[in-house]
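Residue numbers (full-length UniProt numbering): 1 to 385. Built from N, CA and C at the ideal position, the CB exists for glycine as well. Note that the coordinates shown come from a computational prediction; the quantities given were computed from them, not determined experimentally.
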Amino acid sequence: MNEIEQPVALFRNARALYRARRFEDAASIYRRCIALVPDFATARLRYAELLVQLGRGEEALAEIRAGFRPVSGQVAPFRGSGEPIRILQLGSSSVQGQTGSDPILDPQIFETTTILVQYWDPEIALPTHDIAFNLIADPDIDAHALAMATELLANDPAPLINPPHLIAATSRVAHPLRLQAIPDTIAPIARLLPRSEIDATGMPFLLRSPGYHNGAHFELITTEAELEVALATLPGDELLQIDYIESAAEDGRIRKYRAMIVDGIPYPAHLAIARHWNIHYFSAEMGAPEQAEEIAYLSDLRAHLGDRVTDALVAVGRSTELDYVGVDFAVSRDGRLVVFEANAAMTVYLPDENAGSLERRRAALQIFAATRKMIAERVASRRSR
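Written out as structure tokens, the structure is:
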């Protein structure tokens, strides 16, 4: 293996370990990779993402600062032929809660420039671009970054994917309130409260530390003892108290669906099935019958869910007014849509190519292709004026 290939191989190995949730092993490989190529910005950014998962925020910020110099955005070059689509991505140094665009932006089609709004000099013109893509997707931790992105783009004439002012309306507190008016939809109400104001009244309920994803720092409270432990261990001065909605089906299992709404059209991403309430795909109980159920969903979303739930799902996506947004949901026993989350921070996992993941891989690729098509159409429309 030559010196150019080695850091890339290490980076890929670290990414695989991260996806396998072997965080400490991944961290060790990232450090070796960065030691070889200190200016490997993507490695530093992914390492920072991992450090945040490990609760090492100051170290994560140091990696961000090392990988992204103020003013100087990072450019992923165009590797195709003809004229590229020049896309400008706006991200945040917080790393968490951002739209994952890497598998969407094919270098055979796009020249991609990424800036972090905290490190961009607003007195300097933005890099040349045909379209902008706001990646900042979590208003609970990035309200200031969203405000900065809005200001930077205020006079930009290019089309914009996921305007930051619309992201700001998808907070865990504000967005469920907007969903109450959508027919056939249940959206659990969330309240952001100081610890001192949280008591056992209204149990069962969920407690969550704002700004975390993938089920981290998230507890179901059914007893006063559980509440005491949660208040002692969950990080943050304020916590989200969320109504608990029973979403288990008749067989006692929870089915957590993920769909992406791209340009108003719903696309299935995955289905996770398990008996425990804090369900994610990596912790799901997916035997052969469950995989068959997931394949049915991935093959035809509307046929699997029915018109009532599908129409509610589309309405939830459209309520955000975002171009690219994910929805995690279940179906209640009385046939209504139960919305767990609806935001642009949803991850679409592209599984490795093997016999057991063909349908999920096909579904992910369909989402990426639909998003590329949307971007290309927006750019073509602007160029034709």
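Beta-carbon proximity of residue i to residue j, cut-off 8 Å
{"i": "serine 107", "j": "alanine 76", "result": "Reading off the sequence, residue 107 comes out as proline, not serine. Yes, the pair counts as a contact, with Cβ atoms nearer than the cut-off."}
{"i": "residue 388", "j": "alanine 187", "result": "Here the chain comprises residues numbered 1 to 385, so residue 388 is not present and cannot be evaluated."}
{"i": "leucine 160", "j": "serine 209", "result": "no"}
{"i": "isoleucine 375", "j": "isoleucine 167", "result": "no"}
{"i": "proline 164", "j": "threonine 185", "result": "no"}
{"i": "leucine 54", "j": "phenylalanine 23", "result": "yes"}
{"i": "glutamine 241", "j": "alanine 190", "result": "yes"}
{"i": "arginine 258", "j": "aspartate 307", "result": "no"}
{"i": "serine 101", "j": "isoleucine 64", "result": "no"}
{"i": "leucine 313", "j": "leucine 337", "result": "yes"}
{"i": "glutamine 74", "j": "aspartate 138", "result": "no"}
{"i": "isoleucine 109", "j": "arginine 362", "result": "no"}
{"i": "isoleucine 273", "j": "glutamate 290", "result": "yes"}
{"i": "residue 386", "j": "isoleucine 261", "result": "Limits of the chain in this structure are 1 at one end and 385 at the other, which puts residue 386 out of reach."}
{"i": "threonine 222", "j": "asparagine 343", "result": "no"}
{"i": "tyrosine 244", "j": "proline 268", "result": "no"}
{"i": "glutamate 353", "j": "isoleucine 295", "result": "no"}
{"i": "leucine 177", "j": "isoleucine 198", "result": "no"}
{"i": "threonine 99", "j": "alanine 345", "result": "yes"}
{"i": "residue 412", "j": "proline 122", "result": "Residue 412 lies beyond the stretch modelled for the chain, which goes from 1 to 385, so this question has no answer here."}
{"i": "phenylalanine 218", "j": "leucine 227", "result": "no"}
{"i": "leucine 179", "j": "serine 319", "result": "yes"}
{"i": "valine 348", "j": "alanine 364", "result": "yes"}
{"i": "valine 52", "j": "alanine 62", "result": "no"}
{"i": "phenylalanine 133", "j": "glutamate 111", "result": "no"}
Terminal residues of the alpha helix (DSSP H) in which residue i lies
{"i": "leucine 234", "result": "Looking at the DSSP string, leucine 234 is not in any alpha helix (DSSP H), and its letter there is neither H nor E."}
{"i": "arginine 372", "result": "358–383"}
{"i": "alanine 35", "result": "23–36"}
{"i": "leucine 177", "result": "174–179"}
Rounded Cβ spacing between residue i and residue j (contact assumed at less than 8 Å)
{"i": "valine 141", "j": "glycine 67", "result": "Residue identity differs from the one stated: residue 141 is isoleucine in this sequence, not valine. The pair is not a contact, with the Cβ atoms about 20 Å apart (cut-off 8 Å)."}
{"i": "tyrosine 324", "j": "asparagine 214", "result": "Contact flag wrong, Cβ pair sits at about 19 Å."}
{"i": "arginine 255", "j": "leucine 271", "result": "6 Å"}
{"i": "leucine 220", "j": "proline 235", "result": "Contact doesn't hold; Cβ gap of about 17 Å is too wide."}
{"i": "leucine 50", "j": "alanine 27", "result": "6 Å"}
{"i": "histidine 129", "j": "alanine 147", "result": "Not quite, the Cβ-Cβ distance comes to about 21 Å (not below 8 Å), so this is no contact."}
{"i": "phenylalanine 282", "j": "proline 103", "result": "Rounded, the Cβ-Cβ distance is 18 Å, inconsistent with contact."}
{"i": "glycine 91", "j": "threonine 113", "result": "About 11 Å; that fails the 8 Å criterion."}
{"i": "alanine 145", "j": "isoleucine 131", "result": "With 8 Å as the limit, alanine 145 and isoleucine 131 do not qualify as a contact, their Cβ atoms being about 20 Å apart."}
{"i": "leucine 88", "j": "leucine 126", "result": "6 Å"}
{"i": "alanine 14", "j": "tyrosine 30", "result": "5 Å"}
{"i": "leucine 301", "j": "threonine 310", "result": "6 Å"}
{"i": "aspartate 263", "j": "proline 194", "result": "Between proline 194 and aspartate 263 the Cβ distance is about 40 Å, and since that is not below 8 Å, they are no contact."}
{"i": "alanine 43", "j": "isoleucine 34", "result": "5 Å"}
{"i": "alanine 292", "j": "isoleucine 182", "result": "That pair is no contact at about 30 Å."}
Residue(s) in a DSSP beta bridge with residue i
{"i": "residue 400", "result": "With the chain represented from 1 up to 385, any question about residue 400 goes unanswered, as that position is not in the structure."}
{"i": "glycine 91", "result": "Leu116"}
{"i": "glutamine 53", "result": "Note: glutamine 53 sits in no beta bridge, so no partner."}
{"i": "glutamine 98", "result": "Ile136"}
{"i": "proline 194", "result": "Glu238"}
{"i": "isoleucine 186", "result": "Val338"}
**Request:** Write down every uninterrupted run of the alpha helix (DSSP H) in the segment 202–278 whose length is 4 residues or greater and which is fully enclosed by it, in chain order.
**Result:** 224–233
**Request:** Tell me the start and end of each unbroken beta strand (DSSP E) in the segment 58–85 that is at least 3 residues and wholly inside, in chain order.
**Result:** 74–76
**Message:** I'd like the ranges of any alpha helix (DSSP H) spanning at least 4 consecutive residues and lying wholly in the segment 108–169.
**Reply:** 139–152 and 164–167
**Message:** Threshold first: 4 residues or longer. Then list the alpha helix (DSSP H) segments lying entirely within the segment 296–331, N to C.
**Reply:** 301–305 and 307–320
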